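Engineer: Going by our numbering, 209 is the number at position 206 of the sequence shown; the sequence numbering is gapless. A single structure is presented below for examination.
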Amino acid sequence: MSITAVAIDLEVDFAELFTAVAEEPWALLLDSCEHPTSRYDFIFRQPEQVVTQSDDWPTQLHQLLTQLPKYQGPVDLPFQGGLAGALSYDAGRALERLPTQAKRDIDVPEIAVGLYTQALIRCRLSKTTWLVAPQQQLETLKDFWQRRATSAKSVDDFKLTAPWQSNISATDYQHKFAQVQEYLHAGDCYQINLAQRFSAPFSGDPWRAYQHLRASNQAPFSGFMRLTDGAILSHSPERFLQVDASGHVQTKPIKGTRPRADDASADHALANELQHAAKDRAENVMIVDLLRNDLSRVCLPGSVNVPQLFAIESYAAVHHLVSTVEGKLEHPTQALELIAACFPGGSITGAPKIRAMEIIDELEPHRRSFYCGSLGYISQHGAADTNIAIRTLVTTAEHIYCWAGGGLVVDSDGVAEYQETLDKVAKILPVLTATLEPEAL
Numbered sequence: 004m005s006i007t008a009v010a011i012d013l014e015v016d017f018a019e020l021f022t023a024v025a026e027e028p029w030a031l032l033l034d035s036c037e038h039p040t041s042r043y044d045f046i047f048r049q050p051e052q053v054v055t056q057s058d059d060w061p062t063q064l065h066q067l068l069t070q071l072p073k074y075q076g077p078v079d080l081p082f083q084g085g086l087a088g089a090l091s092y093d094a095g096r097a098l099e100r101l102p103t104q105a106k107r108d109i110d111v112p113e114i115a116v117g118l119y120t121q122a123l124i125r126c127r128l129s130k131t132t133w134l135v136a137p138q139q140q141l142e143t144l145k146d147f148w149q150r151r152a153t154s155a156k157s158v159d160d161f162k163l164t165a166p167w168q169s170n171i172s173a174t175d176y177q178h179k180f181a182q183v184q185e186y187l188h189a190g191d192c193y194q195i196n197l198a199q200r201f202s203a204p205f206s207g208d209p210w211r212a213y214q215h216l217r218a219s220n221q222a223p224f225s226g227f228m229r230l231t232d233g234a235i236l237s238h239s240p241e242r243f244l245q246v247d248a249s250g251h252v253q254t255k256p257i258k259g260t261r262p263r264a265d266d267a268s269a270d271h272a273l274a275n276e277l278q279h280a281a282k283d284r285a286e287n288v289m290i291v292d293l294l295r296n297d298l299s300r301v302c303l304p305g306s307v308n309v310p311q312l313f314a315i316e317s318y319a320a321v322h323h324l325v326s327t328v329e330g331k332l333e334h335p336t337q338a339l340e341l342i343a344a345c346f347p348g349g350s351i352t353g354a355p356k357i358r359a360m361e362i363i364d365e366l367e368p369h370r371r372s373f374y375c376g377s378l379g380y381i382s383q384h385g386a387a388d389t390n391i392a393i394r395t396l397v398t399t400a401e402h403i404y405c406w407a408g409g410g411l412v413v414d415s416d417g418v419a420e421y422q423e424t425l426d427k428v429a430k431i432l433p434v435l436t437a438t439l440e441p442e443a444l
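As structure tokens, then:
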């Protein structure tokens, strides 16, 4: 048996096409939202095997990759059979010894990764859709997708049934901010990420919630994954790690945020202020240095460099200060090793990473679940692309959870940092609040 690929004519919006399989457990959409810097969108379904236990997950996933049939198709496709799914922030506990003070109260796995031999890949540049599948399933799956592309499927609507509630009040946040400052001044860390979590009960289908949020956010590293007893909805603007087939590595950490303004001149002024803000630039450099060190654990000596520092990238709700760090792997198939060496991403922990994670576990009341973890894929030929799961929500059967945080340094202002957490979800929480029945407000 071998895996191959064929171009397939599917003249339908890719996110709408995913509706046909959105209710299937382990169905996964990696969605660029037509962002101008993005090239591919992916739909994965029906994995051959799955991993949900986080103990020694790098070894488990490596073993899965060795079981794949060989690929015999177009050589330039980014996915040729391999792994896809999500790692929670808490999957980092399999890599480092960390405390267990924060409460784990969301009943979803700490890892949700499947071994996929079938996928749809849409190339935005060529306007071509490719079906990747085992040779003997190719015609059956081609017929499946062509029929789904011509038949609309209804989806249960999504509604919050009560308003959002945070696990940290504004007063509590300032108290925790003061504790962070004590750690920073004591020299424990020079940056610590602190987040709050919002939750609400809901009814209906989380896929519909994703569609509502997609229309408002249009983030280039978005994704939706149906779990057995829940879902992950990511609208992330941040790349974690990308590896191409030659072993070239890129990561794009975000540090520095300003809200968008409706007035064009005011909006430009906010972006310009961020571009030249000494605190944000210093914060960005701290994480760039951390990632240079992380990449150097796996990349070839002398290959790690920073081709772009302090670029402004603008999204629906905020402007971000973004840098680019690159490196080169000795072997193109080291993507999994690289992810394990860098996980979780330093931009959402602080630095030094392990001490920052210990303090996060002490100060945040609940574990982060898939927030600040990663969604993405690793192809058997070495290509990979993953996000940092910020602007990310998790659902269980009856509740939806959303997080917002930011990196704190010694010259941070507590009131401004709290407001920044709200700015980051300004195109998420209100969008879903609009689904509330009036009597529930």
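No residue lacks a Cβ here, since even glycine has one placed at the ideal position from N, Cα and C. Only a predicted model underlies this, so the values are computations on that prediction, with no experimental measurement involved.
(1) Residues in the same chain with beta-carbon distance under 8 Å from residue 413, minus the five sequence neighbours each way, listed in chain order, please.
(2) My assumption, with CB atoms under 8 Å, is that residue 249 sits in contact with residue 237. Please give the rounded CB distance.
(3) So what does DSSP say about residue 4, is it helix, strand or coil?
(4) With a threshold of 16 other CB atoms inside 10 Å of the CB of residue 128, please say whether the residue is buried or exposed.
(5) Check the DSSP bridge columns for residue 363 and list the partner residues they point to.
(6) In the DSSP output, what is residue 26 paired with across the bridge?
(7) Where residue 176 and residue 49 are concerned, what is the direct C-alpha to C-alpha distance, given to the nearest angstrom?
(8) Using the rule of at least 16 other Cβ atoms within 10 Å of the residue's Cβ for burial, across every protein chain shown, is residue 62 buried or exposed?
(9) Since residue 329 sits in a beta bridge, which residues does DSSP pair it with?
(10) Quick one: any contact between the segment 414-431 and the segment 377-389, if contact means 3 or more CB pairs under 8 Å?
(11) Within the same chain, show all residues whose beta-carbon is closer than 6 Å to that of residue 93, passing over the 5 residues directly before and after it, in chain order.
(12) Do you know whose CA, among 421, 64, 379, lies nearest residue 30's CA?
(13) Bridge partners of residue 172, per DSSP?
(14) By the 10 Å Cβ neighbour count, where 16 or more other Cβ atoms means buried, how is residue 283 classified, buried or exposed?
(15) Among the residues of its own chain, which have a CB less than 6 Å from the CB of residue 84, if the five just before and after it don't count?
(16) Considering residue 65, what are the terminal residues of the alpha helix (DSSP H) in which it resides?
(17) Helix, strand or coil: which one does DSSP assign to residue 427?
(18) By a C-beta neighbour count over all protein chains shown, 10 Å radius and 16 as the cutoff for buried, is residue 275 buried or exposed?
(19) DSSP three-state label for residue 39, please.
(20) Rounded to whole angstroms, what is the Cα-Cα separation between residue 22 and residue 407?
(21) I'd like the span of the beta strand (DSSP E) that includes residue 149, first residue to last.
(22) Taking the CB atoms as reference points, tell me whether residue 87 and residue 33 lie closer together than 9 Å.
(23) Keeping to the same chain, check which residues put their C-beta closer than 8 Å to that of residue 68; ignore five residues upstream and five downstream.
(24) Looking at C-beta atoms only, is the number of pairs between the segment 129-149 and the segment 7-17 that lie closer than 8 Å three or more?
(25) DSSP three-state label for residue 73, please.
(26) Under 9 Å, do residue 205 and residue 162 count as touching if we go by C-beta distance?
(27) DSSP three-state label for residue 319, please.
(28) With 16 as the cutoff for other CB atoms within 10 Å, does residue 297 come out buried or exposed?
(29) Is residue 304 near the ligand HEM, going by C-beta to nearest heavy atom under 8 Å?
(30) Check each candidate in 35, 103, 57, 314 and name the one with the smallest Cα separation from residue 365.
(31) Residue 354 to residue 293, Cα distance in whole Å?
(32) In angstroms, rounded to a whole number, what distance separates the CA positions of residue 437 and residue 241?
(33) Would you mind reading off the limits of the beta strand (DSSP E) that contains residue 382?
(34) Write down the C-beta distance between residue 303 and residue 333 rounded to the nearest angstrom, noting that I regard them as a contact closer than 8 Å.
(35) Could you check what DSSP says for residue 82 in three-state terms: helix, strand or coil?
(36) Consult DSSP for residue 334 and reduce its assignment to one of helix, strand or coil.
Structural biologist: According to the data block:
(1) 184, 187, 188, 193
(2) Actually they do not touch by this definition, with Cβ atoms about 27 Å apart.
(3) coil
(4) exposed
(5) DSSP, once it has assigned bridges, lists no residue as partnering residue 363.
(6) Per DSSP, none; premise fails for residue 26.
(7) 42 Å
(8) exposed
(9) 253, 308
(10) no
(11) 113, 370
(12) 379
(13) BP columns for residue 172 are empty, so no partner.
(14) buried
(15) 6, 71, 74, 120, 383
(16) 60-68
(17) helix
(18) exposed
(19) coil
(20) 28 Å
(21) Careful: residue 149 lies outside any beta strand (DSSP E), inside the alpha helix (DSSP H) at 141-152.
(22) yes
(23) 85, 86, 118, 339, 381, 383
(24) yes
(25) coil
(26) yes
(27) coil
(28) buried
(29) Here there are no bound small molecules, and the ligand HEM is not part of this structure.
(30) 103
(31) 7 Å
(32) 26 Å
(33) 377-382
(34) 5 Å
(35) coil
(36) coil
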